[in-house]
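Heads up, the sequence shown is in this note's numbering, so the first residue is 15 and it goes up one at a time.
Glycine included, every Cβ here is placed at the ideal spot set by N, Cα and C.
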Amino acid sequence: MFEPKFYENKAMIHLSKMFDKNICRNFRYSANTGPIKNLPEIDGILEKDHKLYAIEAKSFIINQEDLVEIMYKYKLLGFRRLIIISPDYTKEAIQLTCSQSKFEELILEKYSPDLQSIDKWYKDWNSSLPPQLEGSLSSGRHSFRFILSKTNTGKRIVVNQVSSRITCIYDIKKEIERLSSPPVKVLWSTQKWTIPKDLYFRNNKLVNLGGFVVIDLDGQKMHSAFFDCELSACTPNCMHCYKITKKEMKIAYAKFAENDIHPSFVTDSGNHGFHMYIDINNYNLAGIREILNRHEIRYDKIVFDNNRAFVAFPTSLNGETNLPIRIIKSQEASSND
15 MFEPKFYENK AMIHLSKMFD KNICRNFRYS ANTGPIKNLP EIDGILEKDH KLYAIEAKSF
75 IINQEDLVEI MYKYKLLGFR RLIIISPDYT KEAIQLTCSQ SKFEELILEK YSPDLQSIDK
135 WYKDWNSSLP PQLEGSLSSG RHSFRFILSK TNTGKRIVVN QVSSRITCIY DIKKEIERLS
195 SPPVKVLWST QKWTIPKDLY FRNNKLVNLG GFVVIDLDGQ KMHSAFFDCE LSACTPNCMH
255 CYKITKKEMK IAYAKFAEND IHPSFVTDSG NHGFHMYIDI NNYNLAGIRE ILNRHEIRYD
315 KIVFDNNRAF VAFPTSLNGE TNLPIRIIKS QEASSND
């Protein structure tokens, strides 16, 4: 099976190209009114020839029982046209659609994402890092985890580092070579630890050695709370989410500058968010939190407050979009455009 988020995003991009139509993602839908958060979520909605198609993406092979459940869900919601996308379907599932489908149109699309492009990207990966990032990484005190793009049923989708210390990009590449499939994301701990490899085991009492606190600005949380995300054949992520988050990042950057706080660096998450890295040895975290809250900056408080937090490693690849975790230049972060 494929990693669910990775597969869903790739599947939606595939369908958007296939039909040459924009797709609304993670659509909250019901024939009855009610709070948005209580409405059932639909993976996607596509409009074609003035007709609505619901989309259901599954990252595993669909059997007869799965198919019955999916069809029941969308019939109950009142949809007459349904697109299901999956790596494959059992023979019994296909027979069921031929004999018992009550939809005006039911499309079963088989799709498997291209993993070779991710594999090739990491083989060629050799980015230069900002001095503060390179220095922190070279300590070998950060913990690394890898979210696999594909794994067998019952096997772990998140894999811990094997080496006791990872000190450079070459070490990360060696870890990736050991994986059973290319990683969707390369994650690292925002802070340093005495035995970084053991951070994978939550109950271990490790000594914290400082590092960064990360202000995680997630556009999907900001945008999808009010609107549906939109995906096109040309953009692998929701540009509405991206624009909202970029504006939020610039506001936070400006407010920090007014208070003589200077992030070590800022990264574009490769999807719909930004990460602002602040050296915890240089600034008071309570003061940073106060600035964020006073100016109503919408950040992930769990990532900020958790010293065991993991985020995507800068300059690595976001496999969901095939876009790198780009380091933002200070001029871009501080500009008014």
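Look up residue i in the DSSP assignment and say whether it is helix, strand or coil.
i              : result
valine 280     : strand
proline 94     : Before going on, a small fix: residue 94 reads as arginine here, not proline. The answer is coil: DSSP assigns arginine 94 none of H, G, I, E or B.
glutamine 175  : coil
valine 228     : strand
cysteine 38    : strand
proline 49     : Only weak support is given to the placement of proline 49: the predicted model assigns it a pLDDT of 47, under 50, and the value that follows is read from those uncertain coordinates. Looking at proline 49 - three-state DSSP - the assignment turns out to be coil, as it is neither helix nor strand.
methionine 263 : helix
aspartate 138  : helix
glycine 233    : helix
histidine 254  : helix
serine 344     : helix
glutamate 310  : coil
aspartate 293  : strand
aspartate 57   : strand
glycine 154    : coil
isoleucine 209 : coil
glycine 287    : strand
Taking just the CA atoms, how far does residue j sit from residue i?
i              : j                 : result
glutamine 146  : histidine 309     : 27 Å
methionine 290 : aspartate 274     : 15 Å
isoleucine 229 : alanine 323       : 11 Å
alanine 71     : aspartate 57      : 7 Å
proline 49     : cysteine 182      : Confidence is the limiting factor: at proline 49 the pLDDT is only 47, short of 50, which leaves the residue's position unreliable and the question unanswerable from this model.
proline 277    : leucine 331       : 22 Å
leucine 223    : glutamine 205     : 7 Å
methionine 253 : serine 150        : 32 Å
proline 250    : glutamate 106     : 34 Å
threonine 111  : isoleucine 186    : 46 Å
isoleucine 301 : phenylalanine 279 : It is glycine, not isoleucine, that sits at residue 301 in the sequence shown. Cα to Cα, the separation comes out at about 19 Å.
proline 18     : lysine 24         : 10 Å
glycine 333    : asparagine 296    : 33 Å
arginine 103   : isoleucine 27     : Per the sequence shown, the amino acid found at residue 103 is tyrosine instead of arginine. Distance between the alpha carbons of tyrosine 103 and isoleucine 27 is about 20 Å.
tryptophan 135 : valine 173        : 20 Å
serine 344     : isoleucine 294    : 19 Å
isoleucine 316 : serine 115        : 44 Å
methionine 32  : asparagine 40     : 19 Å
glutamate 189  : tyrosine 125      : 28 Å
Closest by CA to residue i, which one among the options?
i              : options                        : result
valine 221     : Val172, His64, Glu83, Trp207   : Trp207
arginine 123   : Gly154, Phe93, Arg159, Phe74   : Just to set this straight, residue 123 is glutamate in the shown sequence, not arginine. Ranking the options by Cα distance to glutamate 123, first place goes to Phe74.
alanine 68     : Pro196, Phe117, Ala347, Glu262 : Phe117
valine 227     : Ile121, Asp319, Lys187, Ile59  : Asp319
asparagine 77  : Ile108, Arg340, Ser177, Phe270 : Ile108
tyrosine 21    : Leu90, Cys38, Met32, Pro127    : Pro127
arginine 353   : Phe41, Met263, Phe158, Met85   : Lying outside 15 to 351, the shown extent of the chain, residue 353 is not represented and no answer is given.
serine 100     : Arg170, Ser131, Leu29          : Leu29
serine 152     : Pro54, Lys87, Tyr184           : Tyr184
asparagine 36  : Ala326, Asp242, Asn336         : Asp242
serine 177     : Gln345, Phe158, Gln130, Leu306 : Phe158
isoleucine 171 : Cys255, Lys188, Arg155, Lys199 : Lys199
serine 349     : Lys211, Ile341, Asp212, Lys261 : Lys261
leucine 66     : Ser203, Phe215, Ala271, Leu91  : Leu91
glycine 154    : Met15, Pro144, Gln175, Glu244  : Gln175
asparagine 285 : Phe16, Thr335, Lys188, Asp212  : Thr335
asparagine 321 : Leu96, Ile342, Ile292, Ile341  : Ile292
Within 10 angstroms of its Cβ, does residue i collect 16 or more other Cβ (buried), or is it exposed?
i                 : result
threonine 259     : buried
lysine 164        : buried
threonine 167     : exposed
valine 82         : exposed
glutamate 61      : exposed
leucine 299       : exposed
alanine 268       : exposed
glutamate 79      : exposed
histidine 64      : exposed
serine 113        : exposed
aspartate 34      : exposed
aspartate 138     : exposed
phenylalanine 288 : buried
Does the CB of residue i have a neighbour CB from chain B at under 8 Å?
i             : result
isoleucine 84 : Chain labels in this structure do not include chain B; a single protein chain is all it has.
With a cut-off of 8 Å, do at least 3 Cβ pairs link the stretch 185-196 to the stretch 151-162?
yes
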